[in-house]
Structure formats: structure tokens, C-alpha cells
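What follows is a single structure, written as C-alpha cells, with notes after it.
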Amino acid sequence: MPSATAILPILPSFTDEIMPPVANLQGIERMAVAAPSSVEPALIVNEIAEELISEPATGETLYRAQLKVVRRMHELISQGIIMPNSAITSTTSDVTWQIWVNNSISTVAFSPSHISMGTGNVTASCGTTTIVWNDWNEQYVINAGQILVPPKVSEEERARREAQARAYQEEMVRKDAERRAAEIKADALLHSCLSAEQKEELTKKNHFHLYVGKNKYRIERGISGNVKLINENDDRPKHQYCIHPVDVPVGDVMLAQKLLLETNEEEFLRVANRHW
Amino acid sequence: MNTGLERKKTMRTEVETGDSFMAIMGSAGDTKIIWNKDNPAEVENARRTFNDLLSKSYLAFKVKDDSKEGEQIREFDPSIERMILSPQMRGG
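These protein sequence lines map, in sequence, to chains A and B. Position 251 (the first sequence) corresponds to 251 in this note's numbering; numbering is contiguous. With positions in the second sequence counted from 1, the corresponding number in this note's numbering is that position plus 1000.
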């Protein structure tokens, strides 16, 4: 158990405002120190207190400590050791801590509400510990339950949510089937406009070539940046173009690109963005 | 994408010999509007659809079955056997 004097410098002064995350964490740490070693949750927070002492009290340190507390609390809840929305109250047993706190009470409560805080000045000296610490612990509520523990819901609400989840799943399945059907339809239309050689290329290589005058283009399966001007000398892409209609399946995009290139190359090059 | 084709759900969906059609690209794949050039009602319906979509910046292409180069068109011609209409192209 760390000594109280080592903890005090990193504890903040609190007001009645909602605390920012780091301040929340500091509150957790303070509670951790207050928790007795005879209660399991206290063990966790004691570890964290030690960690906080051994490391500079940066936002990252505090955040990691907060995560540790929250995860461990979650484990305890899932193991049935502590109950959500209930308070753990016990007296401290550590001698050093007794001197410092002197009959203080530690409270770790799970509440769906925001953290409410005490008004004690935590930078107070050891001489004022009893009053300050008691005041602090009596009023401080940790918000871990909101993070980890789903609020209790009625059977009716649970059924409603399950029905909603099922409907969502069904909707996703339906949309996926529609999307696949659209792709098949678009591919059929594309194939109906390709030569035998282009069809073979598309099937084997996922792209096809076409000539517009002397220019050789490659249209790759895709929606954007999938049209390339090919250098005849080395058969490598010379320029990449991005141009497409919106909200149509891939096959339709490729067909639209082919048709515009073949029938109005000038317009194609005017509208397309050339990436390189 | 709303192509304004909902009202034409009662139209024919099978292309028969001598028919013409336009394939209109959309999010669910293409929708076909079929007409027979000897059927004034079907021609009129196709023309109206064509003009509606071009006014929404669609691009229209006359294509051939043999995959030879098509042609971009801006006016409806009922004698064209096969057209493909694409939503406006944008640079990405």
C-alpha cells in the first residue's frame, strides 16, 4: 500500500463541474488508495496506485490505470463477486492508511449517472485528512458501470431490441443479395458489349483492352482509377484516369467507361481526373 | 438511384424479335425499356423516358450486338435496336 503523501501531489482539486477524463481517472486512483486490501477490488486499485506512484502522473499513465480498474471491475462483475449498481463499502485496514484516513469509508459504486464529486480540497495536508478524506469518499461515485455494465432492461425492452437486431440482420442479408444480383446483371450487360477477346481477358485477367484510334486503353475491374492509357512500346500504363457514373454496379461502371471512351474520347479525357 | 422508371413496371420485360430496347443503368443493375417501332404507345413511352433521363444528364449510347464501337446519341430514334443509358460520368 503506497503512502498517502506520495499520492497527494497528483490529486486534483474538484469543483461541481463534470470532470474531464484525466480528472475522472485521478478520482479512481484516489478511491483505489482508499479501498482496503481485504476486499478484492481494493487489491486492483492498490496495484494501480503503486503504478501511479512509480511512474510520472501523465495523462497516459492515468488512462492506463483507468482502463485497468475498469477491466478488473468488469471481471468482478462477470464473476458475480460484485454486483453492478451496488456499492462496495468497507473500512480500511492498512496501518499507514489508517493513520492517514482514520476511519474513512471507501465506496465504489456503479452508477449510470455521471460522476458526482465531493468538494474536499485534495491538496490538503495530512493534518486535515479525516475531514477531507471522509468528505471525499462519501460523495464520490465512479462511473465504471456506465462504461461496462449494460443498464438493466425489462423483458419487453430486451425483446424489442432483439427483434430490432434480427430485422437489421435480415435487412443486411437482403441488401447483400440485391447487391450481388445487381453485380451479376451488370456483368451480363458488360459482357454483351465485349468482343470474344475482351471477354476472355476480363475472365482471365480482370481487365480488358480497347483501342481508340491509336491509343490503347486498359479498363480494369473497379470503379475508380481503373482506366489506364497503355504505352504500346512496353505495354505498361502511361496514365491513370478516374471517371465513373455514381451508384451503379462495377460492371456498369466499366461499360460506361468503355462506351464513353469509344464514342467520345475527348469528353472522357475532359471529365476524367488523370492521376499520373 | 431513382431513374423515374417506377411507373413503367407494367411494361414488357422480355425482348422479342423485332423489338428495340434501352438498358438504363441503375443501382440494381440495368432496367430495360422495350418497344416495337410499330407500336406508337411503346415508342412514345420510350421516347419520354429517353428525354427524361437525358434531361437528368444521362449519357445515351447506341450499341451493336457485335461489340463494335457504338455511338453517343442525344436524340431518341425508335429505329435504333439497342441503347444503353448511363448516369452522368464524373471525375474521381
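The C-beta atom is built at its ideal place from N, Cα and C for all residues, glycine as well.
Reduced DSSP secondary structure (H/G/I, E/B, other) of residue i
i: residue 154 of chain A; result: coil
i: residue 259 of chain A; result: helix
i: residue 268 of chain A; result: helix
i: residue 1063 of chain B; result: coil
i: residue 1088 of chain B; result: coil
i: residue 1017 of chain B; result: coil
i: residue 1071 of chain B; result: strand
i: residue 1028 of chain B; result: coil
i: residue 1012 of chain B; result: coil
i: residue 244 of chain A; result: strand
i: residue 234 of chain A; result: coil
i: residue 168 of chain A; result: helix
i: residue 1077 of chain B; result: coil
i: residue 31 of chain A; result: Note that residue 31 of chain A has pLDDT 38, beneath the 50 cutoff, so the model's placement of it is unreliable and no number is given.
i: residue 142 of chain A; result: For residue 142 of chain A, the predicted model reports a pLDDT of 42, less than 50, meaning its position is unreliable; a value from the coordinates is still stated below. In this structure, residue 142 of chain A counts as coil in the three-state DSSP scheme.
i: residue 118 of chain A; result: Reliability of the predicted coordinates at residue 118 of chain A is poor, the pLDDT of 31 falling under 50, and the value obtained from them is presented with this limitation in mind. Note: residue 118 of chain A maps to coil in three-state DSSP.
Limits of the alpha helix (DSSP H) - the one that residue i falls within
i: residue 202 of chain A; result: 196 to 205
i: residue 1040 of chain B; result: 1040 to 1055
Rounded Cβ spacing between residue i and residue j (contact assumed at less than 8 Å)
i: residue 1084 of chain B; j: residue 1061 of chain B; result: 5 Å
i: residue 1037 of chain B; j: residue 1086 of chain B; result: Not a contact, Cβ separation roughly 23 Å.
i: residue 220 of chain A; j: residue 207 of chain A; result: 4 Å
i: residue 271 of chain A; j: residue 1089 of chain B; result: 5 Å
i: residue 232 of chain A; j: residue 258 of chain A; result: Not a contact, Cβ separation roughly 19 Å.
i: residue 185 of chain A; j: residue 1052 of chain B; result: At roughly 22 Å, the Cβ-Cβ gap does not stay under 8 Å, so residue 185 of chain A and residue 1052 of chain B are not in contact.
i: residue 1017 of chain B; j: residue 1033 of chain B; result: In fact, because the Cβ distance is near 17 Å, the residues do not count as touching under 8 Å.
i: residue 176 of chain A; j: residue 251 of chain A; result: At roughly 17 Å, the Cβ-Cβ gap does not stay under 8 Å, so residue 176 of chain A and residue 251 of chain A are not in contact.
i: residue 1027 of chain B; j: residue 247 of chain A; result: 5 Å
i: residue 201 of chain A; j: residue 209 of chain A; result: 7 Å
i: residue 267 of chain A; j: residue 260 of chain A; result: 6 Å
i: residue 255 of chain A; j: residue 189 of chain A; result: 6 Å
i: residue 243 of chain A; j: residue 1091 of chain B; result: 5 Å
i: residue 1020 of chain B; j: residue 1081 of chain B; result: 5 Å
Boundaries (first-last residue) of the beta strand (DSSP E) holding residue i
i: residue 1035 of chain B; result: 1031 to 1036
Residues that residue i bridges to, as DSSP identifies them
i: residue 220 of chain A; result: A/207
i: residue 239 of chain A; result: A/229
i: residue 254 of chain A; result: BP columns for residue 254 of chain A are empty, so no partner.
i: residue 1022 of chain B; result: B/1033 and B/1083
i: residue 212 of chain A; result: A/215
i: residue 274 of chain A; result: A/241
Closer than 8 Å between beta carbons: that is the criterion. Which residues of the region 1026 to 1047 of chain B meet it against chain A? 1026, 1027, 1028, 1029 and 1030
Using a beta-carbon distance cut-off of less than 7 Å, what residues from the region 257 to 276 of chain A approach chain B? 259, 260, 262, 263, 264, 271, 272 and 273
Can you pull out the residues from the region 1050 to 1069 of chain B whose beta carbon lies closer than 7 Å to at least one beta carbon of chain A? 1059, 1061, 1063, 1067 and 1069
May I ask you to list, following chain order, the residues of the region 1076 to 1088 of chain B that have a beta carbon less than 8 Å from some beta carbon of chain A? 1084, 1086, 1087 and 1088
Taking a cut of 7 Å between CB atoms, which residues from the region 242 to 254 of chain A lie near chain B? 242, 243, 244, 245, 246, 247, 248, 249 and 252
Can you pull out the residues from the region 220 to 243 of chain A whose beta carbon lies closer than 9 Å to at least one beta carbon of chain B? 223, 224, 225, 241, 242 and 243
What residues in the region 195 to 208 of chain A bring their beta carbon closer than 8 Å to a beta carbon of chain B? 195 and 198
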